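One structure below.
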Amino acid sequence: MDAALGPPAAMAEHREELTPMMAQYHDLCAEYDDSLVLFQVGDFYELFCEAAETAARILEITLTKREDSTGSYPMAGIPIDSAASYIEGLLEAGYRVAVADQVEDPDEASGIVERSVTRVVTPGTLTESELLRSDDNNFVASLTRGDDGYGIAFLDVSTGDFVATGTDAEATVRDEIARFDPAEAIVGPDASDEPFADDCMVTEHDPGAFAFDAARERVADYFGAPDAHLGGDAEVRACGALLAYAEYTRGGEGDDDRLDYLTHLTRYDPREYMVLDGVALRSLELFERRSVHGSEGTALVDVLDETACALGGRRLKDWLRRPLVDATGSRRATTPSANSPRIRSLATPCGALSRTSTISNASSRRCRAGARTPATCAR
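As numbered in UniProt numbering, residues 1 to 379 make up the sequence shown, in order.
Here you go:
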């Protein structure tokens, strides 16, 4: 295990003699032992011991020391106001980050200021606008396998886009994962992480979240009876576990971790869309530019993108990612509507979209992601 994760060994030896603040840090590290804990002390987030040494090396920040009754511990800190860029550096190095904020006014605290983890930042559950492209989705995936085949779900926590599907074919699993290109994935105990790309962080999550009864109850709590939305047990398990993981990254207790802005779960059938595996996506240069004789080319999406807002940009990429097999039927359904006077009258003011921020702007992301600290909400 990475020495930077979990409770610091030097502190664990003297847990009962630590000062209250350092004991608090130790216990949070023990609870979130898969993440680097950023521990708020005033206007800074601090790390100690091996975590501090790791952060100092990755972020190229100063490593100092903090004296405690039990000894001297390495310490590194980052200013809260510019934390996003430092968190990005830790994510790029392959770490998850648990943000432990002061949830009590220091002036009103009778003893040690209460702190708790208000957010677990991972590559697939980002809500920080500084770390996201507003015109593209950032998915976390869930994969399970059961007697009825595979269940796959994709969730963008920052926008609320939530889709799921099922299949019997392992090749289809690979194709769908390549389509959505998730930044992170959770995998059920009966499935393999092999289909995911090397740059996709595969996260171990509570196996109990993949249990059918627990997953079904969670899906029903958000969207009603799963039978009305999903095709089989594996899909229910994938969706339920993904909701549980998204709640976990919210921190909080009870209803504080609920994602109330998730209102739609869409099931799709891969057979309705053209097969585009990873090789095809790269060869067609739909999203990634390729260098030709030293000069950078242009991806197809860049040529086609005349959208007026980030929402439109995400929709365009979804159309390219999942082109319909029955294009004729789609064209018949949309052409009369596009030519109707009603649609044309509504389209006239749409130019204003280009002069406004995206619907999923920084403020709404913070609110929907449950930003509960005054400093975060004020920004």
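Ideal placement from N, C-alpha and C gives every residue a C-beta, glycine not left out.
The structure displayed is predicted, hence computed values, not measured ones.
Residue i (DSSP reduced to helix, strand or coil)
{"i": "F223", "result": "helix"}
{"i": "L311", "result": "helix"}
{"i": "L320", "result": "helix"}
{"i": "S85", "result": "helix"}
{"i": "D260", "result": "coil"}
{"i": "R237", "result": "helix"}
{"i": "P270", "result": "helix"}
{"i": "A214", "result": "helix"}
{"i": "L286", "result": "coil"}
{"i": "G232", "result": "coil"}
{"i": "D2", "result": "coil"}
{"i": "G278", "result": "helix"}
{"i": "T249", "result": "coil"}
{"i": "L265", "result": "coil"}
{"i": "E306", "result": "coil"}
{"i": "T172", "result": "helix"}
{"i": "E194", "result": "coil"}
{"i": "A209", "result": "helix"}
{"i": "V301", "result": "helix"}
{"i": "A178", "result": "helix"}
{"i": "H293", "result": "Confidence at H293 is low in this model, with a pLDDT of 49, below 50, so the placement of that residue is unreliable and no value is reported for it."}
{"i": "S360", "result": "Unreliable placement is indicated for S360, whose pLDDT of 48 sits below 50; the coordinate value is still reported in the next sentence. Coil, per DSSP."}
{"i": "A93", "result": "coil"}
Check whether residue i and residue j have beta carbons under 8 Å apart
{"i": "A100", "j": "L47", "result": "no"}
{"i": "E50", "j": "A3", "result": "yes"}
{"i": "P182", "j": "V140", "result": "yes"}
{"i": "L281", "j": "G160", "result": "no"}
{"i": "L143", "j": "A238", "result": "yes"}
{"i": "G149", "j": "A244", "result": "no"}
{"i": "R174", "j": "P195", "result": "yes"}
{"i": "L311", "j": "V301", "result": "no"}
{"i": "R322", "j": "Y273", "result": "yes"}
{"i": "L63", "j": "P74", "result": "yes"}
{"i": "A55", "j": "L36", "result": "yes"}
{"i": "G251", "j": "S110", "result": "no"}
{"i": "F44", "j": "G77", "result": "yes"}
{"i": "A246", "j": "V157", "result": "yes"}
{"i": "A153", "j": "L242", "result": "yes"}
{"i": "V163", "j": "T266", "result": "yes"}
{"i": "E53", "j": "A84", "result": "no"}
{"i": "V120", "j": "T249", "result": "yes"}
{"i": "L259", "j": "L286", "result": "no"}
{"i": "M201", "j": "E184", "result": "yes"}
{"i": "G151", "j": "G232", "result": "yes"}
{"i": "P270", "j": "T172", "result": "yes"}
Beta-bridge pairing of residue i - partner residues as DSSP gives them
{"i": "I186", "result": "S142 and T203"}
{"i": "residue 420", "result": "Since the first residue shown for the chain is 1 and the last is 379, residue 420 is missing from the structure and cannot be characterised."}
{"i": "T167", "result": "Y150"}
{"i": "F162", "result": "L155"}
For this session: Examine the Cβ distances between the region 203 to 220 and the region 167 to 175 and report whether three or more of them are shorter than 8 Å.
Result: no
Problem set entry | Any 3 or more C-beta pairs closer than 8 Å across the region 185 to 197 and the region 13 to 23 | no
Problem set entry | the region 216 to 228 in contact with the region 113 to 133 per 3-pair CB rule at 8 Å | no
Exercise. Going along the chain, which unbroken runs of the beta strand (DSSP E) with 3 or more residues stay wholly within the region 5 to 73?
Worked result: 35 to 41, 44 to 48 and 64 to 68
Exercise. Could you give the uninterrupted runs of the beta strand (DSSP E) lying entirely in the region 95 to 138, keeping only those of 3 residues or more?
Worked result: 96 to 102 and 115 to 121
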